[in-house]
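In the working numbering, the protein residues as written are 373 to 483. We treat Cβ as the ideally placed atom computed from N, Cα and C, and that holds for glycine.
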Amino acid sequence: MQVTQVNSQSTAGTPRMADGQLIAMSLLLKEQVAALEDDLDQLENRLSRELCVPVRADADEATLSQSLQRMQADQRHSADSLAADLRRIQNDAEFKRWLKEQWQLAKATSA
């Protein structure tokens, strides 16, 4: 672009580009913008999959942080529930009650 400007300067020293050159430069810039937008979309999608939260380049840090903290709290709750279930099934009587509860939950969710 700089070479074109230097070569096509008018006698007054003002840079001028031919219409064809402007059109070609405009098309090139549009292609570059489209390629960068595609790259950004791919990165946002990859991060969204890896972090299990929606990630957007224009999202603020606080929103992303809150989403990750909610996900962490959910995971912690799941781990605590599994640990409680594990403690319960160590006892034969509790194991039978736990199995009955699980069967009732499965029956209720399938209905």
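*Collapsed DSSP secondary structure at ILE461 in the structure displayed*: coil
*Kindly indicate which residue of LEU394, VAL425 and ALA429 has the alpha-carbon position closest to the one of ASP410.*
ALA429
_Quick check: what's the CA-CA separation for GLN414 versus GLN438?_
23 angstroms
*Using the Cα positions of ASP432 and ALA407, report the straight-line distance between them to the nearest angstrom.*
24 angstroms
*Where VAL425 falls: helix, strand or coil (DSSP)*: coil
_Given this structure, state the Cα-to-Cα distance separating PHE467 from ILE461, to the nearest angstrom._
4 angstroms
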